[in-house]
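Residue numbers (this note's numbering): 138 to 601.
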Ligand code: ARG
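This is the structure:
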């Protein structure tokens, strides 16, 4: 049966006597940004239509018309030929109107038993599931770059820092594997979040469910969801899954921001530990000699906007009564920008790590400068029976003496060292070398090159 019910010219529906003003139309519309959900919106609609037919609410002919119309629309949207209209407010109404223009009444029947409230929640979850999968691949790519670089530098000595002061020697490979671990936890957080994203809101309709004999499990299966949202009010209203995604994203960015800070420091001539490939740097418009690490600086900077999106989403949610409120339309821009920023950052980072040139001589020279093996001397004394606190004091005095004469501990002649403690023998020089210090830390999680190689092998199998 055909109907010809149309609202008064320009008004939202027959319920309204006048259209919204131009500025209100712009203010309330989400089409300028939610058009990006189009493919997911169509995917959700096709699953909904298949279910309506399955339970006997939609005819075979209508289902076929919907499938045909949607295939054409998807084609037009992908080719950039679809004309998005502000008058149609959002992606859902745009697509429904275009479908109806193509196939007539079957298009108008699609919205049976559903609301834009459960529709948009479904679209966002489909979008986010896809984004998480791409982000996870990006994290893996960065981890793989880190492991490759770590393997090439499993023996390369650098100073390890605490308080940004030289502390103890570590290998550059060991240092890089620290970031591998951070990213491994990030991937775990994304996987964990994905399980909660991957649930079906459809069927909740506006908020209370629907009077049609729907089969939600059917739709969930069609869309690859692991299950349905159990409560209709919750299904349309909460965006906690988007908030936890953004929190996980903020942590990824935070980890990459820390690494960026190190790359920037290391590339400064004051350190001179590394160089970045030219394709990640730019020059200065006034100082011809400059080569600036723009990409790591921007990663550090963009971490701020992702952190901001997390706060925006938390704030968006905190005052909302159940169930759906239009506030939730504001979830999209922070979410899209978070995913875009993260995907780009990870893609660039995986490549940038492959373009790092390491300068082992500069790293070694820096490790030689800060009495990095002082702890090793203390440990040596302990092994000869000196209590640790006394050994600590003996070495502190030796360091002070060496510093006064601008020498390293290893430069002090045996007689001079023995003046600090008689138990010192000429086997002490083996522990005062950087290599001796590294090799001594020979346990799981330690920096001995042997352990770093073993950690690299385990890391590789963890990202396979
Ligand atoms: N554009 C809306 C959003 O993004 C879709 C849901 C609108 N629902 C409503 N009852 N106005 O949240």
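Using N, Cα and C, we set each Cβ at its ideal position, and we do this for glycine too.
Practice problem: Note down the Cα distance separating residue 394 from residue 335, rounded to an integer number of angstroms. | Solution: 29 Å
### Reference residue 568, options 344, 518, 533, 540, closest by Cα
518
- prompt: Run through DSSP, which three-state label would residue 304 get?
  reply: strand
Check your understanding: residue 597 by DSSP, collapsed to three states: which one?
Key -> helix
How big is the Cα-Cα spacing for residue 279 and residue 402?
20 Å
| Spatially closest choice to residue 581 from 589, 545, 575, by CA coordinates | 589
Every unbroken beta strand (DSSP E) inside the region 467-500 [3 residues or more]:
493-495
Report task. Please state whether DSSP places residue 429 in a helix, a strand or coil. Result -> strand
| task | Report whether the distance from the Cβ of residue 465 to the nearest heavy atom of the ligand ARG is below 8 Å. | result | yes
request  = Measure the Cβ-Cβ separation of residue 249 and residue 189 and say whether it is below 9 Å.
outcome  = yes
Discussion item. So for residue 424, helix, strand or coil by DSSP?
Written reply: coil
request  = Compute every distance between the C-beta of residue 343 and the non-hydrogen atoms of the ligand ARG, then say whether any falls below 8 Å.
outcome  = yes
Give the straight-line distance between the Cα atoms of residue 157 and residue 245, rounded to the nearest whole angstrom.
-> 23 Å
Worksheet item: If residue 263 sits next to residue 197, beta carbons under 8 Å apart, how far is it from one beta carbon to the other, in whole angstroms?
Response: Not confirmed; about 26 Å, so no contact.
At least 3 beta-carbon pairs within less than 8 Å: the region 505-525 vs the region 417-431
no
**Study point:** Paired residues, beta bridge with residue 295 - DSSP
**Key:** 307
I want to check one thing, is the minimum distance from the CB of residue 226 to the heavy atoms of the ligand ARG below 8 Å? yes
| query | So is residue 469 buried or exposed if we call it buried at 16+ other beta carbons inside 10 Å? | reply | buried
Is there a Cβ from chain B that is less than 9 Å from the Cβ of residue 509?
No chain B is part of this structure, which consists of one protein chain only.
- Message: Short of 7 Å in beta carbon distance, which residues of its chain neighbour residue 558, apart from the five on each side in sequence? Order them along the chain.
- Response: 518, 523, 531
Ignoring anything shorter than 3 residues or poking outside the region 223-282, list the beta strand (DSSP E) runs there in chain order. none
Return helix, strand or coil for residue 155, following the three-state DSSP convention.
coil
- Got a sec? Which residues, its chain only, sit under 8 Å from residue 503 by beta carbon, not counting five neighbours each side? 295, 296, 303, 408, 410
(message) With H, G and I counted as helix, E and B as strand and the rest as coil, what does DSSP make of residue 179?
(response) helix
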